[in-house]
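Contents: one structure, followed by commentary.
There are 2 protein chains.
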Amino acid sequence: MKISILGGGGFLGRKLAARLASKGTLGGNEVTALALFDVVEPPKPTGARFPVTALAGDVVELPEAAIPPGTDVVFHLAAVVSAQAEADYDLGRRVNLRGTDAVVDACRRLVTAGGKPPRVVFTSSVASFSATQTDTLPDDARQVPGNSYGAQKAAAELILADASRRGFLDAVSIRLPTVIVRPGRPNKAASSFFSAIVREPLLGLDTELPVGDDFAAWVCSPRRAVDWLLHAAAMDTTTMGLDRSVNPPGISTTIAHLLQALDEIQPGASRHVQRVEDKAIAAIVGTWPPAFETLHARTLGFAMHEPLVDVIRAFIEDDLAATRTERGLSG
Amino acid sequence: MKISILGGGGFLGRKLAARLASKGTLGGNEVTALALFDVVEPPKPTGARFPVTALAGDVVELPEAAIPPGTDVVFHLAAVVSAQAEADYDLGRRVNLRGTDAVVDACRRLVTAGGKPPRVVFTSSVASFSATQTDTLPDDARQVPGNSYGAQKAAAELILADASRRGFLDAVSIRLPTVIVRPGRPNKAASSFFSAIVREPLLGLDTELPVGDDFAAWVCSPRRAVDWLLHAAAMDTTTMGLDRSVNPPGISTTIAHLLQALDEIQPGASRHVQRVEDKAIAAIVGTWPPAFETLHARTLGFAMHEPLVDVIRAFIEDDLAATRTERGLSG
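Residue numbers (the working numbering), protein chains in the order written: chain C, 58 to 388; chain E, 58 to 388.
Quick look at the structure:
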């Protein structure tokens, strides 16, 4: 299988590449080549038994080598994240919409040249919905986004579903929950604090919580997100019909429950969390639904989620030491 | 009020311009200027007591004069229609999506220059939904389009709703039913036959029906469509919140009922309708929902529909003679 990861230098892209390198297969088939693409040349995963190319460029001017002839699977993770897309409308529209058009066109060229439509696994987002804090959204809930990032993701889903129907590609769009715990430093996602309130205390650092302790959110771990992406890459899409989007089975949690799980793993760690209201952040995340019914995803074979304490343990196992080193903190 | 009509040379655009010219007001306010824009210079309506400018151009490269400073209302009707967008993916994407981005950018420039966000009335479509022939879609039904035109219209709705939230403009998107009876000649819309089976018999001409007599469709008259566009231009949008889209109260009818109404108006006229199956047309229109609940639209004050026989009578009153002349047919 020839695989491309657009946004291969990002948090999920790197984890996905590392998983493919260590496993060597996708859906039971051997991986024969991996192309990584991002705005900055992405790092290659260690231990891959297949050739890996790493390319830097603009997704809107996607080079042919990013999705070369014979590509079987494209993971389209390239995006301008929520707070940044809110701050810079033109940049968000360009990358999140024109970038998706460029992916469609690259896949079309492969099909026109006689290739088979590549599977495109697209990371859409819970931010494409709006809801109140007490809602549980059904599988067929309408997307009424409360932020530009979510609007662009929902529009990109429509474009990819239509391109699938036309035979240009074969898309599965996964509306990812907020992925926690992200390693490294805070980023420009409005949801950055969801990771920071676990990561920073585990590093012994103070951090700010911009919403109330009773704020409810729909989250998943990076491990499970990668599981879902790989499942979407290999699954049978024939039963999906026109609708190529899935709400995967995340976890609904409040901030209070998340901090309780943190204290169960490392007693007293939550004292590092300071309550500092941020209305701009709260306005964005406040419209994101806190829970979904996920019958469709489970019917399609997407894995159920592990408990919240395991999410924190996985961060400690997978990312805490590297984050400490990256940020020059002592162990 | 300064008003622009993009797609002002089209069927609905011309009817809308004529109505504004004859009425002279919109929502009780005097019309002070009208700008008409289309790919070919649109005809100016007769009898207008306000200045009318007519411009030709590409909606993606929208000239400033199409939405000049001080514009209060933009009717965005410019589109590549259903069968054409299905036949030419690039053209549909360019006009239906990039064209909407150009409208957003033109409105943003007015706001950046200190103006107020113009009301943008956008014609979305029933084609943005898919359903079976027995469905009645609720107001909050998800759009899962079965054609590129519908996908592009649904994506444009998302872009316009987001632009409204950001204060670039103030959008109302109306998912128009199939508008019958269109004057003139058959066009490239997959739904062209819905008008042809009434219009051609009234002209004494034979015409082909590509679907079965029991085929059900959601239709409206041009008069009512213009009423809705004008209502959307003047209504209070504050109760709409993030959701700027409306399913207006059309009529659900079968082909058999439509032909029966035709024969009630002109006995025996339906003998001109020949059954000639067209699978390509049937595949496009076959996924369009035949009925909608329209509580939201009625709550917002959109006018209920007149009976089907009145739709045919209105065509005879408004358009039959002109169509006869245009096509060089004797009376």
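A virtual CB, placed ideally from N, CA and C, is assigned to each residue, including glycine.
If we count the other Cβ atoms within 10 Å of its Cβ and call it buried at 16 or more, is residue i buried or exposed?
| i | result |
| --- | --- |
| C/L93 | buried |
| C/M361 | exposed |
| C/N86 | exposed |
| C/V303 | buried |
| E/V97 | exposed |
| C/P324 | exposed |
| C/A142 | buried |
| C/S431 | The structure shown does not extend to residue 431 of chain C, since chain C is modelled only from 58 to 388, so the question has no answer here. |
| E/T189 | exposed |
| E/E214 | buried |
| E/L167 | buried |
| E/L262 | exposed |
| E/L73 | buried |
| C/D271 | exposed |
| E/A228 | buried |
| E/T344 | buried |
| C/P279 | buried |
| C/A337 | exposed |
Is the beta carbon of residue j closer than 8 Å to that of residue i?
| i | j | result |
| --- | --- | --- |
| C/D95 | C/G64 | yes |
| C/T169 | C/I216 | no |
| E/D320 | E/S309 | no |
| E/E334 | E/P267 | yes |
| C/D219 | E/S205 | yes |
| C/K245 | C/N153 | no |
| E/E383 | E/H329 | no |
| C/V131 | C/W275 | no |
| E/S181 | E/V201 | no |
| C/V255 | C/L315 | yes |
| E/L134 | E/A163 | no |
| C/A282 | C/V342 | no |
| C/L194 | C/E350 | yes |
| C/T380 | C/P240 | yes |
| C/A290 | C/L83 | yes |
| E/P306 | E/A253 | no |
| E/A212 | C/A212 | yes |
| C/A159 | C/V117 | yes |
| E/P99 | E/G70 | yes |
For a test of the three-state rule: what should DSSP assign to residue i, helix, strand or coil?
| i | result |
| --- | --- |
| E/I231 | strand |
| E/T82 | strand |
| C/V255 | helix |
| E/H362 | coil |
| C/R280 | helix |
| C/T310 | strand |
| E/S327 | helix |
| C/R199 | coil |
| C/A274 | strand |
| E/T180 | strand |
| C/F250 | helix |
| C/S139 | helix |
| E/F372 | helix |
| C/S302 | strand |
| E/R97 | Correcting the residue identity first, residue 97 of chain E is Val in this sequence and not Arg. DSSP places E/V97 in coil when its eight states are reduced to three. |
| E/L260 | coil |
| E/V168 | helix |
| E/V238 | coil |
| E/R384 | coil |
| E/R150 | helix |
| C/G156 | helix |
Rounded to whole angstroms, how far is the Cβ of residue i from the Cβ of residue j, which I believe are closer than 8 Å?
| i | j | result |
| --- | --- | --- |
| E/F251 | E/T264 | That belief does not hold up - the Cβ atoms of E/F251 and E/T264 are roughly 11 Å apart, past 8 Å. |
| E/K59 | E/T110 | At roughly 11 Å, the Cβ-Cβ gap does not stay under 8 Å, so E/K59 and E/T110 are not in contact. |
| E/A400 | E/L112 | Summary: the structure shown does not reach residue 400 of chain E, with chain E confined to residues 58 through 388, and so no result is reported for it. |
| E/V238 | E/F372 | 4 Å |
| E/S230 | E/F179 | 4 Å |
| C/D192 | C/A348 | 7 Å |
| E/W285 | E/F359 | 5 Å |
Give me whichever residues DSSP pairs with residue i in a beta bridge.
| i | result |
| --- | --- |
| E/T110 | E/A92 |
| E/W285 | Answer is none; E/W285 lacks a bridge partner. |
| C/E87 | C/T82 |
| C/K59 | C/A90 |
| E/F68 | In the DSSP output, where bridge partners are listed per residue, E/F68 has none listed. |
| E/L266 | E/R332 |
| E/F349 | E/L194 |
| E/F132 | E/I62 and E/V178 |
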